[in-house]
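J.: Attaching a single structure in structure tokens format; questions to follow.
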Amino acid sequence: MARFTLPRDLYHGKGALEALKSLQGKRAMICVGGGSMKKFGFLDRAVQYLKEAGMEVELFEGIEPDPSVETVMKGAEAMLRFEPDWIVAMGGGSPIDAAKAMWIKYEYPECTFEDMCKVFGIPTLRRKAHFCAIPSTSGTATEVTAFSIITDYSKGIKYPIADFEITPDVAIVDPDLAETMPKKLVAHTGMDAMTHAVEAYVSTANCDYTDPLALHAIKMIQNNLVVSYSGDMDARAKMHNAQCLAGMAFSNALLGIVHSMAHKTGAAFADYGAHIIHGAANAMYLPKVIAFNAKDETAKKRYGVIADEMGLGGANDEEKVALLIAYLRKMSDELNIPHCIKNYGADSYPCEQGFVPEEVFLARLPEIAKNAIADACTGSNPRQPSQEEMEKLLLACYYDREIDF
Ligand SMILES: NC(=O)c1ccc[n+]([C@@H]2O[C@H](COP(=O)([O-])OP(=O)(O)OC[C@H]3O[C@@H](n4cnc5c(N)ncnc54)[C@H](O)[C@@H]3O)[C@@H](O)[C@H]2O)c1
Ligand SMILES: [Zn+2]
């Protein structure tokens with residue numbers, strides 16, 4: 408038996424934020440990030456709508472990008488004091504993910520972070536609160552997914568929390584919120600969405616319910632991401648929907664080792680002054696992983712279908728896989744994302760010598776590879792890498808090497 412779970416309600420289209428007026432409850436806690444929602448007026452509007460719905464509103468502000476375990480614990484304490492029956496999370500993937508983890512801790516104060524990380528091990532939620540998510544970036548689709556990514560900075564590792572219990576009750580996908588994204592954020596979050604759709608389509612957990620969502624998302628991203636990056640707001644609105652469709656696919660079909668590697672490299676070099684931003688990591692690793700996975704016959708055929716849907720040509724599956732890889736690399740060029748960690752600057756742009764020194768990467772490689780294999784996303788990848796293969800893959804992602812294994 409398989410399960411397919413999505414939010415009960417999804418409001419979309421320009422002005423959909425107003426749907427907050429329809430929530431029924433007594434107290435809403437709004438969780439937001441560092442200030443973009445406030446600066447552009449969306450936070451004030453959300454507070455106003457919830458007050459119109461007759462709710463008392465409290466804010467939990469300042470959730471940092473790639474949220475920490477400590478932030479989750481602080482937010483849960485604020486919830487235990489205020490006792491909301493609605494948690495409304497607004498912003499990028501970071502504040503929404505943090506709010507999901509806070510929700511677990513709020514409902515089960517005795518639950519530790521280790522408990523939360525047991526895959527599909529979350530106890531029944533909604534005894535205290537329901538959850539509404541409003542994305543302002545077009546990538547993670549956390550507004551419809553069963554996932555939350557929290558970083559343990561003492562270990563330098565991102566941990567995925569995975570359970571349909573944390574799939575939000577209500578998602579509000581309003582393209583107005585995505586209009587204020589700076590270009591770099593459009594690029595990174597857009598390639599995150601592309602990776603979600605491609606990984607979901609070739610995942611071993613794919614099914615008839617997830618395939619059409621993944622394929623349609625891929626075509627929409629192909630047609631709209633670069634145009635959105637160059638400032639077209641109609642394409643930006645399309646991308647907001649496309650990333651959400653990709654999320655519906657991967658929340659139910661799961662992901663693969665592009666995400667395992669991105670999770671385990673993202674914060675691994677934070678002591679050198681930067682993160683490898685999630686979407687940029689995915690954009691760099693996806694072409695390598697496609698080449699690696701395509702050694703599996705079923706995966707190769709599925710990449711062929713993706714290439715056909717994208718209209719890339721190719722006489723056989725080998726050619727189609729090569730054309731798909733070339734197309735994705737061209738997209739990265741157009742979005743100013745480097746092809747490998749060696750050329751990944753601290754500002755995320757391509758440069759001759761990136762912020763991760765070669766000797767540091769090589770020293771940490773065995774541990775990162777081990778952690779990536781143990782990541783929750785590895786299980787549904789079409790090809791299971793050995794320690795040696797994962798190290799070779801990561802080396803290819805560092806030096807931009809061809810995959811011949
Ligand atoms: N839960 C999931 O299923 C899932 C999937 C993929 C990634 N993630 C996680 O999500 C996080 C990344 O989320 P993200 O890419 O959405 O970015 P983010 O939430 O980390 O935000 C990045 C920056 O963009 C700003 N920002 C957000 N929206 C804006 C807007 N509309 N206008 C201007 N500035 C804006 C934020 O203030 C922040 O400084 C990572 O931790 C990643 O691991 C989660
Ligand atoms: Zn992702």
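Quick note: the sequence shown uses our numbering, first residue 408, plus one each step. For glycine and all other residues, C-beta sits at the position ideal for the given N, C-alpha and C.
Mapping DSSP to helix, strand and coil, what is residue 716?
T.: Numbered from its first residue, the sequence shown carries residue 716 at position 309. Three-state result, residue 716: helix.
J.: Tell me the DSSP bridge mates of residue 647?
T.: Walking along the sequence shown from the start, residue 647 turns up at place 240. In the DSSP output, where bridge partners are listed per residue, residue 647 has none listed.
J.: Return the residue from the list 690, 736, 705 that minimises the CA-CA distance to residue 755.
T.: Within the sequence shown, residue 755 is the residue found at index 348, counting from 1. Per the Cα distances, 690.
J.: Within the present structure, is the beta-carbon of residue 414 separated from the nearest heavy atom of ligand 1 by less than 6 Å?
T.: Position 7 of the sequence shown, counting from 1, holds the residue named residue 414. Not so, every heavy atom of ligand 1 lies at least 6 Å from the Cβ.
J.: State the CB to CB distance for the pair residue 363 and residue 599, rounded to an integer number of angstroms; the pair is presumed to be in contact (CB under 8 Å).
T.: In this structure the chain extends from 408 to 812, so residue 363 is not present and cannot be described.
J.: Skipping 5 residues on each side, what residues in its chain have a beta carbon closer than 6 Å to that of residue 567?
T.: On the sequence shown, position 160 is the one that residue 567 refers to. Cβ within range, chain order: 554, 556, 783.
J.: For residue 581 versus residue 423, is the C-beta spacing smaller than 7 Å?
T.: One-based indexing of the sequence shown puts residue 581 at position 174. One-based indexing of the sequence shown puts residue 423 at position 16. Contact: yes.
J.: Give the secondary structure of residue 702 by DSSP, where H, G and I count as helix, E and B as strand, and everything else as coil.
T.: As a first step, residue 702 is located in the sequence shown; it is residue number 295 there, counting from the start. Residue 702: coil per DSSP, three-state reduction.
J.: Locate the beta strand (DSSP E) running through residue 565, then write down its first and last residues.
T.: Residue 565 sits at position 158 when you count from the first residue of the sequence shown. Here the beta strand (DSSP E) through residue 565 covers 564 to 569.
J.: Taking its Cβ as the centre, do 16 or more other Cβ atoms sit within 10 Å of residue 724, making it buried, or is it exposed?
T.: Your numbering for residue 724 matches position 317 in the sequence shown. With 16 or more other Cβ atoms within 10 Å, it is buried.
J.: Can we count residue 472 as close to ligand 1, meaning its CB is less than 6 Å from some heavy atom?
T.: The count along the sequence shown starts at 1 and reaches residue 472 at position 65. Correct: residue 472 has its Cβ closer than 6 Å to ligand 1.
J.: Are the beta-carbon atoms of residue 472 and residue 501 separated by less than 7 Å?
T.: Taking the first residue of the sequence shown as position 1, residue 472 is located at position 65. Taking the first residue of the sequence shown as position 1, residue 501 is located at position 94. Taking 7 Å as the Cβ cut-off, residue 472 and residue 501 qualify as a contacting pair.
J.: Could you compute how far the alpha carbon of residue 435 sits from the alpha carbon of residue 509?
T.: The count along the sequence shown starts at 1 and reaches residue 435 at position 28. The count along the sequence shown starts at 1 and reaches residue 509 at position 102. Using only the alpha carbons, I get a separation of about 14 Å.
J.: Give me whichever residues DSSP pairs with residue 495 in a beta bridge.
T.: Working through the sequence shown from its first residue, we reach residue 495 at position 88. Answer by DSSP bridge pairing, in chain order: 437, 539.
J.: Buried or exposed, going by whether 16 or more other CB atoms sit within 10 Å of the CB of residue 665?
T.: Stepping through the sequence shown from its first residue, residue 665 is reached at position 258. Flag for residue 665 reads buried.
J.: Can you tell me the Cα-Cα spacing of residue 811 and residue 699, whole angstroms?
T.: Residue 811 sits at position 404 when you count from the first residue of the sequence shown. Residue 699 sits at position 292 when you count from the first residue of the sequence shown. In a straight line, the C-alpha of residue 811 is about 8 Å away from that of residue 699.
J.: With distances taken Cα to Cα, identify the nearest neighbour of residue 744 among 733, 758, 731.
T.: If you number the sequence shown from 1, residue 744 lands on position 337. That would be 758, whose Cα lies nearest to the Cα of residue 744.
J.: Check this for me: beta carbons of residue 741 and residue 633, under 7 Å apart or not?
T.: On the sequence shown, residue 741 is found 334 positions in, with the first residue counted as 1. On the sequence shown, residue 633 is found 226 positions in, with the first residue counted as 1. Taking 7 Å as the Cβ cut-off, residue 741 and residue 633 qualify as a contacting pair.
J.: For the beta strand (DSSP E) holding residue 501, just list the boundary residues, first then last.
T.: Taking the sequence shown and counting its residues from 1, the one referred to as residue 501 is at position 94. Taken as a continuous stretch (DSSP letters only), residue 501 belongs to no beta strand (DSSP E), being part of the alpha helix (DSSP H) at 500 to 514.
J.: Whole angstroms are fine: how far does the CA of residue 767 sit from the CA of residue 789?
T.: In the sequence shown, the residue the question calls residue 789 occupies position 382. In the sequence shown, the residue the question calls residue 767 occupies position 360. Their backbone Cα atoms lie some 30 Å apart in a straight line.
J.: Which whole-angstrom value describes the C-beta separation of residue 603 and residue 548, a residue pair presumed to lie in contact below a C-beta threshold of 8 Å?
T.: Indexing the sequence shown from 1 puts residue 603 at position 196. Indexing the sequence shown from 1 puts residue 548 at position 141. The pair is a contact, with the Cβ atoms about 7 Å apart (cut-off 8 Å).
J.: Assuming residue 475 and residue 544 form a contact by the criterion Cβ under 8 Å, report the distance between their Cβ atoms to the nearest whole angstrom.
T.: Walking along the sequence shown from the start, residue 475 turns up at place 68. Walking along the sequence shown from the start, residue 544 turns up at place 137. In fact, because the Cβ distance is near 19 Å, the residues do not count as touching under 8 Å.
J.: Just mark residue 787 as buried or exposed, buried being the case when its beta carbon has 16 or more other beta carbons within 10 Å.
T.: Indexing the sequence shown from 1 puts residue 787 at position 380. Looking at its Cβ environment, which holds 16 or more other Cβ atoms inside 10 Å, residue 787 is buried.
J.: Would you say residue 646 and residue 631 are within 7 Å of each other, going by their C-beta atoms?
T.: Numbered from 1 along the sequence shown, position 239 holds the residue referred to as residue 646. Numbered from 1 along the sequence shown, position 224 holds the residue referred to as residue 631. Against a cut-off of 7 Å, the Cβ pair of residue 631 and residue 646 comes out as a contact.
J.: Could I get the ranges of all uninterrupted alpha helix (DSSP H) runs contained in the region 583 to 627, with 4 residues as the minimum, in chain order?
T.: Listed in chain order, they are 590 to 609.
J.: Should residue 411 be labelled buried (16 or more other beta-carbon atoms within 10 Å of its own) or exposed?
T.: Position 4 of the sequence shown, counted from the start, is the residue given in the question as residue 411. Exposed, by the Cβ-count rule.
J.: Taking 7 Å as the CB-CB cut-off, is residue 489 touching chain D?
T.: No chain D appears in this structure, which consists of one protein chain only.
J.: Taking contact to mean 3 or more Cβ pairs, one atom from each stretch, closer than 8 Å, check whether the region 484 to 498 and the region 430 to 449 are in contact.
T.: Touching, yes, given that three or more Cβ pairs across the two stretches are closer than 8 Å.
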